[in-house]
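Peer 1: Provided herewith is a single structure, encoded as structure tokens, for subsequent inquiry.
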Amino acid sequence: MKEQIPVNPDMLVWARETAGLSVEATAQRMKKAIETIELWERGDGAPTYVQLEKLAYQVYKRPLALFFFPEPPQEETPKQSFRTLPEQEIEMMSSRMKILIRKARVMQANLAELNVEINPSERKIFKELSFDVNRSLVEMTKTIREFLGITLDKQIAWKDTDKAFKSWRERFEENGI
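So in my numbering, the last one in the sequence shown is 1506, and the numbering has no gaps at all.
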């Protein structure tokens, strides 16, 4: 029998739950009996190194070392990130979506670390524009549109919401937002 790796069973449960998977779904992805996954999560058994690698990298999309931590790391939950969404929408979020959100957060953290206190854009909207509190919302919106170079005609010409989203995102990024 291959040697079992003594991992923290609480970390197995945490990784599964934060990936949005049930014990059944994990067992199916691991091609193991549900009882085997339950044994591991209770600490009455443990995966082999190869099984742990599969759990970490393919199923839960987590670093392998995480399963040896004494307790889960502090992470913002989807509920905290998307507090304006109804709770049932968050609960219905797919495992894939939860993993993609986590991956995006890691990318954001890496980018923030690379650009410590440096905004890579040449134009910075928050430095170049300022508004009097008495100025109307319509006037402010017009000024912002001019600054970003997005007229109403240009916006109306976008063929779909994907094009609109990409165009707005590009203009925001180019202007330090």
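Don't be surprised by glycine CBs; every beta carbon is placed ideally from N, CA and C. Small disclaimer: the values here were computed from a predicted structure and weren't measured.
With three or more beta-carbon pairs closer than 8 Å as the criterion, would you say the region 1414-1430 touches the region 1348-1358?
Peer 2: With a cut-off of 8 Å, the region 1348-1358 and the region 1414-1430 count as touching, because enough Cβ pairs lie within range.
Peer 1: Taking E1367 as the reference, give the member of E1353, D1482, L1477 with the closest Cα.
Peer 2: When each option's Cα is compared against that of E1367, the closest is E1353.
Peer 1: Quick check: what's the CA-CA separation for S1496 versus R1391?
Peer 2: When rounded, the distance between both Cα atoms is 33 Å.
Peer 1: What would DSSP say about T1377, mapped onto helix, strand or coil?
Peer 2: Of the three classes helix, strand and coil, the one that applies to T1377 here is strand, per DSSP.
Peer 1: Out of curiosity, what's the CA-to-CA distance linking T1470 and P1415?
Peer 2: Approximately 29 Å, taken between the alpha carbons.
Peer 1: Okay, do the region 1359-1379 and the region 1334-1342 touch, 3+ Cβ pairs below 8 Å being the bar?
Peer 2: Touching, yes.
Peer 1: To the nearest whole angstrom, what separates the beta carbons of L1477 and N1504, a pair I think is in contact under 8 Å?
Peer 2: At roughly 6 Å, the Cβ-Cβ gap stays under 8 Å, so L1477 and N1504 are in contact.
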